[in-house]
Amino acid sequence: MRRIDFELDREYVELNQLLKLVGLCDSGGAGKALVASGAVSVDGVVEWRKTCKIRASQRITVDDVEIRVREPAG
Numbered sequence: 012m013r014r015i016d017f018e019l020d021r022e023y024v025e026l027n028q029l030l031k032l033v034g035l036c037d038s039g040g041a042g043k044a045l046v047a048s049g050a051v052s053v054d055g056v057v058e059w060r061k062t063c064k065i066r067a068s069q070r071i072t073v074d075d076v077e078i079r080v081r082e083p084a085g
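In this text, residue positions in the sequence shown follow my numbering: the first is 12, and each later residue adds one.
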């Protein structure tokens, strides 16, 4: 499984935007479609809310990719 570490620079990021920011989708709209397909899990549970708030310490899984959301270093 490929792992991506994403450093969060604010309180939260919407799920569809996170998928775009890490390069798994070309746009937020494509991110919404990916979530709607049931292919995205947050902390091990399939997430259907396209704009759910993702915060530091959460883990998102899409196929064979795991995104770990972290607080900013320093």
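Glycine included, C-beta positions come from ideal geometry on N, C-alpha and C.
(message) I'd like the span of the alpha helix (DSSP H) that includes residue 46, first residue to last.
(response) In the DSSP annotation of this structure, the continuous segment of the alpha helix (DSSP H) that includes residue 46 starts and ends at 39-47.
(request) Specify, as a first and last residue, the run of the beta strand (DSSP E) that residue 73 falls within. (result) Start and end: 70-73.
(request) Would you mind stating whether residue 48 and residue 72 have Cβ atoms separated by less than 9 Å? (result) No, they are not a contact pair.
(message) Tell me which residues share the same chain as residue 79 and place their Cβ nearer than 6 Å to its Cβ, disregarding the 5 neighbours each side in the sequence.
(response) Here the set comprises 16, 70.
(message) Checking the sheet assignment: what are the DSSP bridge partners for residue 33?
(response) In the DSSP output, where bridge partners are listed per residue, residue 33 has none listed.
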